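Participant: So that we are looking at the same thing, I have put the structure below in structure tokens.
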Amino acid sequence: MSSLIFKRTLRSGACCFALLMTGCAFVGDHATSQQAQLNPASLDAGAALRSAGDEAQWPDVQWWHEYHDPQLDAWVQAALSGSPTLEIASARVREAEAIASAADATRDPQVTGNLSIQRKHWPANAYYGPGAFDNVETWNNTGTLGFSYNLDLWGRDKNSALSALDIAHERATDERAAALELEVNVVRTYVDLSARFATLNIEKDTLERQRELASLAGRRLKAGLGTQLDLSQAEAPLPDYERRVDATEEQISLDRNRLAALAGKGPGAGEAIGQPRLDLIATFGLPSHLPAELIGHRPDVVAARWAVASTARDIDVAKADFYPNIDLLATVGAYAAGGPLTLFLHPRNGSWTAGPALSLPIFDGGRLRAQLGAASAEYDEAVARYNQTIVTALGEISDQVVRLRSLSTQETEAQRYLQSAETTFQLSEAAYRRGLTDYVNVLIAQTRLLDAQQEVVDVHAEQLSAHASLVASLGGGLAEPGDGPTESGMRPTHRNKNASRVSVNADSQKG
């Protein structure tokens, strides 16, 4: 008898092994990925980046401290702690982490319990009776404990969990990218506010000076030294200068509202913002080995790498679907129909089952091949997005370098223009006071002076804003540079067709 059982077991094992090998033969190479990952070091950085120098360090995490304005520091911190935008990003991270934990939990043994306690009245009719339960009430109780464990021979569950974990890493990096964008927006808005205050001071000084000149023209007219035309010319610009002051004060209020909104506060919180005191002291330069190290410093680039790693694991999951799936199952339970409440707990009512369960794809109408093709296409898309992000990032850095270099030259030229305009105005005003020229020359000189002063303000504000843009293009001080997937983690696993088990390194996780 035992020999017969052994032979039957041996035949069953041979059949299972044959089915396993048959299932493995289904996979083949289907819809392989076509997109190649771009090596940042292979990109031509361009003359602008090569000539920018390589003495600078990567930006600090709190890079806005370089502006040396405590009021700015406070508003950036307020935005980082109270912005609804970051709260949304943080919630997305927690969601992805929970999904990753749920995916990883499927790799562990699963134990479930079921208990059913029922009181039943049996009818007295020809269908059920007149048996032992004719017109009586009984307890029909069941209690079971089930165990299941997936052997995951082909790494499907493992790669599915790794894919979910990579998505969680991507979401976390997206959160840092959102924080960087918020920091830059606060700094730029604050720079705009600083420029508005500087413009307001210029316009108020110009208005006061114009009022003094109009008063002088009136006194000269009364003394018989001037004309009504001179007085009219001196008074004519006053309404426009007053309008400019009102318009600039309006822009200051709007900038305050923007800062309050960025920090997740009401407009009233921005009313207390005083005149900025920005003092940027930063040497212009770029980090060495810029293109090669860029992948570890820009949040959007790191996030794109995690997206590639996730889709690579999805390909491994799609490949594993071609292979048989084996679960170990066991159930222990107790059953009783009739008798007292606890009868089902008696040892003689116990029952158990145990054994493997095999599921094997045989005919699916091409569904698995289509799923693999879709996963490969998603991988190619993720790689293409990663490549585009690298190219865009390098272009943005080059743009800001060109911009800063041009603004440095413009600042020198604007200062020269301002000095010339100040000298011309002082000479024309002195000549008018002595009666050596008419007011037209004073008006022309003052208009040029106002333009020159505003140009200096605008160029300086653009420099401050361009510095923030350069910091953003360099990644804004990523807290943990290099915190991304490895190169092997960004590629699908290449399985030997005759292999019986997939070996997947966990290097798609953080290195």
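Mapped onto mature numbering (1 follows the signal peptide of the UniProt record, and there is no 0), the consecutive letters of the sequence shown carry residue numbers -27 to -1, 1 to 484.
All C-beta atoms, glycine included, are put in the ideal place defined by N, C-alpha and C.
Being a predicted model, the structure only gives us computed values, none of them experimental.
May I ask you to report which of helix, strand or coil DSSP gives residue 31?
Facilitator: DSSP places residue 31 outside both helix and strand once states are collapsed to three, so it counts as coil.
Participant: Nearest to residue 145 by alpha carbon, out of 211, 203, 68 and 175?
Facilitator: 68
Participant: State the Cα-Cα distance for the pair residue 373 and residue 233, rounded to the nearest angstrom.
Facilitator: 28 Å
Participant: So which of 384, 441, 341 and 337 has the shortest CA-CA distance to residue 427?
Facilitator: Minimum Cα distance to residue 427 is reached at 384.
Participant: Out of 463, 82, 223 and 50, state which residue places its alpha-carbon closest to the alpha-carbon of residue 278.
Facilitator: Nearest to residue 278 by alpha-carbon distance, out of 463, 82, 223 and 50, is 463.
Participant: Out of curiosity, what's the CA-to-CA distance linking residue 217 and residue 51?
Facilitator: 32 Å
Participant: Residues in the same chain with beta-carbon distance under 6 Å from residue 344, minus the five sequence neighbours each way, listed in chain order, please.
Facilitator: 291
Participant: Thinking C-alpha only, which one of 193, 46, 120 and 33 is nearest residue 329?
Facilitator: 120
Participant: Between residue 138 and residue 73, how many whole angstroms is the CB-CB distance? I'm expecting something under 8 Å.
Facilitator: 5 Å
Participant: Taking buried to mean at least 16 other C-beta atoms within 10 Å of its own C-beta, is residue 450 buried or exposed?
Facilitator: Buried.
Participant: Considering only residues of the same chain and omitting the five flanking positions on each side of residue 124, which have a CB-CB separation below 6 Å?
Facilitator: Excluding sequence neighbours, residue 124 sits near 299.
Participant: What distance in whole Å lies between the Cβ atoms of residue 166 and residue 228, which are believed to be in contact at a cut-off of 8 Å?
Facilitator: 4 Å
Participant: In the DSSP output, what is residue 93 paired with across the bridge?
Facilitator: 111
Participant: Helix, strand or coil: how does DSSP classify residue 479 here?
Facilitator: Note that residue 479 scores 36 on pLDDT, short of 50, meaning its location in the model is unreliable; the coordinates nonetheless yield the value given after this. The answer is coil: DSSP assigns residue 479 none of H, G, I, E or B.
Participant: Using the Cβ count rule (16 or more neighbours within 10 Å means buried), how would you classify residue 41?
Facilitator: It is exposed - the Cβ of residue 41 has fewer than 16 other Cβ atoms within 10 Å.
Participant: Reducing DSSP to helix, strand and coil, say where residue 299 ends up.
Facilitator: Shown here, residue 299 sits in a strand according to DSSP, grouped into three states.
Participant: Following the continuous beta strand (DSSP E) through residue 327, name the residue where it begins and the one where it ends.
Facilitator: 323 to 332
Participant: Can you have a look at residue 461 and say buried or exposed, based on whether 16 or more other CB atoms are within 10 angstroms of its CB?
Facilitator: Counting every other CB atom within 10 Å of its CB across the protein chains shown gives residue 461 a total below 16, marking it as exposed.
Participant: Would you identify the three-state DSSP class for residue 336, choosing helix, strand or coil?
Facilitator: In the three-state reduction of the DSSP assignment, residue 336 falls in the coil class.
Participant: Can you tell me which of the three DSSP states residue 87 falls into?
Facilitator: Reduced to three states, the DSSP call for residue 87 is strand.
Participant: So for residue 132, helix, strand or coil by DSSP?
Facilitator: helix
Participant: Could you tell me the alpha carbon to alpha carbon distance between residue 43 and residue 236, rounded to whole angstroms?
Facilitator: Using only the alpha carbons, I get a separation of about 16 Å.
Participant: Measuring CB to CB, does residue 491 end up less than 8 Å from residue 132?
Facilitator: Since the first residue shown for the chain is -27 and the last is 484, residue 491 is missing from the structure and cannot be characterised.
Participant: Does DSSP put residue 123 in a helix, a strand or coil?
Facilitator: strand
Participant: Does the separation of the CB atoms of residue 112 and residue 314 fall below 8 Å?
Facilitator: yes
Participant: Taking one C-beta from the region 408 to 424 and one from the region 175 to 192 each time, how about it: are there three or more such pairs within less than 8 Å?
Facilitator: yes
Participant: Roughly how far, in whole angstroms, is the beta-carbon of residue 309 from the beta-carbon of residue 114, given that I think they are within contact range, below 8 Å?
Facilitator: 5 Å
Participant: Can you have a look at residue 210 and say buried or exposed, based on whether 16 or more other CB atoms are within 10 angstroms of its CB?
Facilitator: buried
Participant: Per DSSP, what are the beta-bridge partners of residue 245 in this structure?
Facilitator: Looking at the DSSP assignment, residue 245 forms no beta bridge with any residue, so it has no partner.
Participant: To which residues does DSSP link residue 118 through a beta bridge?
Facilitator: 86 and 305
Participant: Just checking, does the region 270 to 285 make contact with the region 359 to 372 on the three C-beta pairs under 8 Å criterion?
Facilitator: yes
Participant: My assumption, with CB atoms under 8 Å, is that residue 222 sits in contact with residue 173. Please give the rounded CB distance.
Facilitator: 7 Å
Participant: How should residue 59 be labelled, buried or exposed, when 16 other C-beta atoms within 10 angstroms of its C-beta is the threshold for buried?
Facilitator: buried
Participant: Please report the distance separating the alpha-carbon of residue 92 from that of residue 323.
Facilitator: 20 Å
Participant: Under the three-state reduction of DSSP, which class applies to residue 310: helix, strand or coil?
Facilitator: When DSSP states are grouped into helix, strand and coil, residue 310 belongs to the strand group.
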